[in-house]
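Trainee: Let me begin by handing over the structure; questions about it come next.
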Amino acid sequence: MLATAMGAVLERHLDLVQPAQLGLWSMRGLEVLEPAFHAELQSNTLLLSAPDRLLSARPMPVLPATGPPQAAALPLAAALSGMFDAAWRGSAAIRKAGPERMLRSAFEELFNHLDPYSRYMTPEEAMAARARRVGQSGLGLRLAAGRGREVVVAALTPDSPATLAGLRLGDRVLEVDGIPLSAQDLPAAAALLEGPAGTEVALRIERGRRRFTVLLLRSTVPPETLQAQRRDDILWLRLDGFSNATDLRLTEALQDGFRAARPRGVVLDLRGNRGGLLGQAVAVASAFLADGVVALTGGRHHDAARTYVSAGPDLTRGVPLVVLVDGRTASAAEIVAAALSDRGRGVVVGSATTGKGLIQAVVPLPNGGELLVTWSRVLAPRGWPIQGLGVIPALCTSLGPEAVAAGLAQLRGGEAPMGRVLARLRAARAPVPASEVTTLRNACPPAEGRPADLAAARSLIEQAEAYNTALAR
């Protein structure tokens, strides 16, 4: 497993790091479990010591002068495996923590030195993550901790097996296929719900004083990520994430919203949206765009260089579009907001977003776990990096109501209050100096969404001159 993991890091990560450094960081992760340990490099030899003795000394491989860097993975993994064995024999604390915690600690320290988003997931965490990517546990329900050690139904997807079987929010789930559940290990509880589509699972439920068993047939149930409603002749679309059916739900919502009569405008609410599937983000942006670039990616690996394009047509027929963002808008949601802003299709309102513009490759591991390895950075259509900078709105609401009113007045008068900031943002190229990142983000500090966002969106749609001034061209 170490060979697979180290090979992925050496081959794909944005930054190429010497194997000796990867080895040192990994071994220093064990110092968290056993503070008496000390790991250090001496002349490219990795040493692991206890206070009274040397536990292990292994020469570290170097990157090959020619050929792929991952060629160093096997000798690096062999050296680390031997040092892990020595650590296991030399520490009761390491043995008490167990092999899985030992592995996690090593990876955590390694990735702490690489980037904020690469990480190791245990087999249980990986299974839950796969469920989130393709659907909610195959049953259309989400579990949460209740009182004490209770496990309760926290969310239900419409028309899912769980909903059709009559499960309710707050129902206590006692057992899955006869196995008792505990809130102390929710990932394991969620994993029990997983299984091939078409297979049955038995849930023992407690509702009030009544206990009963429900048989459910597993199926692929995409998470519900979109809410749509028409108010004041405006189509409001609230998008909470990007699952494998988000684009289909959006298309349906737009078709329904435009069927009776063309709305005055559309508001796409991405506040609090932490992201999801990149392909779905491209598809969502494409629903509002004619043909052209949505995003670009690039990295050290040759496969990381990609251009994502929209094929059109614009399903909203060019009506005014306002995109709401806040400090929690991240990742795939930032890609959508950046594309609609850069392409001059929508006006972004709110605050600076998270600034997560790095993409992780999912690497399956032999133990059933997964490695998320950052391998490419995202660029907006105009070439600026989302990482660190985030998306800056054309109308800022995080500076207070007076600033919002002043900004709207400027826009009505033909002046863009954030024009200079947005020009500097779009001129930025990676790597962006930290001072420039701070200056640009301070122009509209990140904040949580607020009611003023909705009022500002409505004002822009109702005031054509303000909307047109705010649009990027």
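Going by UniProt numbering, the sequence shown opens with residue 1, and the numbers climb by one from there. Cβ coordinates follow ideal geometry from the N, Cα and C atoms, glycine included.
Please report the distance separating the alpha-carbon of residue 482 from that of G299.
Mentor: Within the shown structure, residues of the chain are numbered from 1 to 473, placing residue 482 beyond reach of any answer.
Trainee: Please confirm if the region 387-399 is in contact with the region 439-451, defined as three or more CB-CB distances below 8 angstroms between the two stretches.
Mentor: Yes, the region 387-399 touches the region 439-451.
Trainee: Could you tell me the alpha carbon to alpha carbon distance between L24 and A305, rounded to whole angstroms?
Mentor: In the sequence shown, residue 24 corresponds to position 24, counting from 1. In the sequence shown, residue 305 corresponds to position 305, counting from 1. Answer to the nearest angstrom: the Cα atoms are 30 angstroms apart.
Trainee: Could you check the C-alpha separation between I359 and Q229 for me, to the nearest Å?
Mentor: Locating residue 359 in the sequence shown gives position 359, where the first residue counts as 1. Locating residue 229 in the sequence shown gives position 229, where the first residue counts as 1. Roughly 32 angstroms separates the two Cα atoms.
Trainee: What three-state label does DSSP hand L139 in the structure shown?
Mentor: In the sequence shown, counting from the first residue as 1, residue 139 sits at position 139. Residue state, collapsed to three classes: coil.
Trainee: Helix, strand or coil: which one does DSSP assign to residue 531?
Mentor: Residue 531 is absent from the structure shown; the chain starts at 1 and stops at 473.
Trainee: Taking the straight line between their C-alpha atoms, what separation do you get for D303 and R210?
Mentor: For the purposes of this step, residue 303 is taken as residue 303 along the sequence shown, with counting starting at 1. For the purposes of this step, residue 210 is taken as residue 210 along the sequence shown, with counting starting at 1. Straight-line Cα distance between these residues: approximately 56 angstroms.
Trainee: Are the beta-carbon atoms of A416 and T353 separated by less than 8 angstroms?
Mentor: As a working note, residue 416 is residue 416 in the sequence shown. As a working note, residue 353 is residue 353 in the sequence shown. Not in contact: A416 and T353 (Cβ atoms no closer than 8 angstroms).
Trainee: Where does E465 fall in DSSP's three states?
Mentor: Along the sequence shown, read from residue 1 onward, the residue named residue 465 stands at position 465. Correct three-state label for E465: helix.
Trainee: Run through DSSP, which three-state label would V391 get?
Mentor: Taking the sequence shown and counting its residues from 1, the one referred to as residue 391 is at position 391. Reduced to three states, the DSSP call for V391 is coil.
Trainee: For V404, list the residues DSSP reports as bridge partners.
Mentor: As a first step, residue 404 is located in the sequence shown; it is residue number 404 there, counting from the start. In the DSSP output, where bridge partners are listed per residue, V404 has none listed.
Trainee: For L365, which residues of its own chain have a beta-carbon under 7 angstroms away from its beta-carbon, when the five flanking residues on both sides are left out?
Mentor: Here the question's residue 365 lines up with position 365 in the sequence shown. So the list reads M1, T4, A5, L371, once near-sequence residues are dropped.
Trainee: How many Å lie between A430 and T66 at the Cα?
Mentor: Numbered from its first residue, the sequence shown carries residue 430 at position 430. Numbered from its first residue, the sequence shown carries residue 66 at position 66. The straight-line gap from Cα to Cα measures roughly 28 angstroms.
Trainee: Distance check for R328 and V404, CA to CA, integer angstroms please.
Mentor: As a first step, residue 404 must be located in the sequence shown, where it is residue number 404. As a first step, residue 328 must be located in the sequence shown, where it is residue number 328. Their backbone Cα atoms lie some 20 angstroms apart in a straight line.
Trainee: When DSSP labels each residue in this structure, what does G344 get in the three-state scheme?
Mentor: Counting from one through the sequence shown, the residue named residue 344 turns up at place 344. If DSSP states are grouped into helix, strand and coil, G344 belongs with coil.
Trainee: Give the single residue among E200, D269, A126 whose Cα lies nearest to the Cα of A456.
Mentor: Within the sequence shown, residue 456 is the residue found at index 456, counting from 1. If we check each option's Cα against that of A456, D269 comes out closest.
Trainee: Give me the residue from A290, A97, T297, R147 with the minimum Cα distance to L340.
Mentor: Position 340 of the sequence shown holds residue 340. Of A290, A97, T297, R147, the residue nearest in Cα terms is A290.
Trainee: Is it buried or exposed, T157, if we count other Cβ atoms within 10 angstroms and call 16 or more buried?
Mentor: In the sequence shown, counting from the first residue as 1, residue 157 sits at position 157. Result: buried.
Trainee: Using a 10 Å radius around the Cβ and a threshold of 16 neighbouring Cβ atoms, would you call G178 buried or exposed?
Mentor: Translated into positions along the sequence shown, residue 178 becomes position 178. Classification for G178: exposed.
Trainee: What does the Cβ neighbour count give for K356, buried or exposed, with the cut at 16 atoms within 10 Å?
Mentor: Along the sequence shown, one-based indexing puts residue 356 at 356. Buried, because 16 or more other Cβ atoms sit within 10 Å of the Cβ of K356.
Trainee: What residue does the beta strand (DSSP E) around W236 start on, and which one ends it?
Mentor: Against the sequence shown, residue 236 aligns to sequence position 236. Note, W236: beta strand (DSSP E), 234-239.
Trainee: By Cβ distance below 6 angstroms, which residues in the same chain neighbour R12 in space, the five residues on each side in sequence not counted?
Mentor: Numbered from its first residue, the sequence shown carries residue 12 at position 12. The answer, listed in chain order, is H301, A361, V373, W375.
Trainee: Can you tell me which residues form a DSSP beta bridge with L217?
Mentor: Start at 1 with the first residue of the sequence shown, and residue 217 comes out as number 217. Answer is E200, bridged to L217.
Trainee: Using the C-alpha atoms, what's the distance from N244 back to G279?
Mentor: As a working note, residue 279 is residue 279 in the sequence shown. As a working note, residue 244 is residue 244 in the sequence shown. Roughly 9 angstroms between the two C-alpha positions.
Trainee: From which residue to which residue does the beta strand (DSSP E) around T374 run?
Mentor: Taking the first residue of the sequence shown as 1, we reach residue 374 at position 374. Taken as a continuous stretch (DSSP letters only), the beta strand (DSSP E) holding T374 covers 370-379.
Trainee: Which residue from D15, Y308, A287, L215 puts its Cα closest to that of T199?
Mentor: Position 199 of the sequence shown, counted from the first residue, corresponds to residue 199. Of the candidates D15, Y308, A287, L215, the one whose C-alpha sits nearest the C-alpha of T199 is L215.
Trainee: Just to confirm before moving on: does the CB-CB distance between V309 and V322 stay below 8 angstroms?
Mentor: Stepping through the sequence shown from its first residue, residue 309 is reached at position 309. Stepping through the sequence shown from its first residue, residue 322 is reached at position 322. It is not a contact, given that the beta carbons lie outside the stated cut-off.
Trainee: Buried or exposed, going by whether 16 or more other CB atoms sit within 10 Å of the CB of V349?
Mentor: Your numbering for residue 349 matches position 349 in the sequence shown. Its Cβ being crowded by 16 or more others within 10 Å, V349 is buried.
Trainee: Taking the beta carbon of P451 as the centre, do at least 16 other beta carbons fall within 10 Å, making it buried, or is it exposed?
Mentor: As a working note, residue 451 is residue 451 in the sequence shown. So P451 ends up on the exposed side.
Trainee: If we count the other Cβ atoms within 10 Å of its Cβ and call it buried at 16 or more, is L250 buried or exposed?
Mentor: One-based indexing of the sequence shown puts residue 250 at position 250. Buried.
Trainee: Could you name the residues of the same chain whose beta carbon sits closer than 6 angstroms to that of M60, not counting the 5 residues immediately before and after it, in chain order?
Mentor: The residue labelled residue 60 in the question sits at position 60 within the sequence shown. Only P19, A20, G23, N44, L46 meet the Cβ criterion.
Trainee: Tell me which residues share the same chain as L471 and place their Cβ nearer than 7 angstroms to its Cβ, disregarding the 5 neighbours each side in the sequence.
Mentor: For the purposes of this step, residue 471 is identified with residue 471 of the sequence shown, where counting begins at 1. Result list for L471: G344, V347, in chain order.
Trainee: Taking the runs of the beta strand (DSSP E) that are 3 residues or longer, which of them lie wholly in the region 43-128?
Mentor: Runs found: 45-50, 53-59, 119-121.
Trainee: If contact is defined by three or more beta carbon pairs under 8 angstroms, each pair taking one atom from either stretch, is the region 26-39 in contact with the region 310-321?
Mentor: No, because fewer than three Cβ pairs between the region 310-321 and the region 26-39 fall closer than 8 angstroms, the two stretches do not touch.
Trainee: Return yes when the Cβ of G140 is within less than 8 angstroms of the Cβ of D326, no when it is not.
Mentor: Indexing the sequence shown from 1 puts residue 326 at position 326. Indexing the sequence shown from 1 puts residue 140 at position 140. No, the pair does not count as a contact, with Cβ atoms beyond the cut-off.
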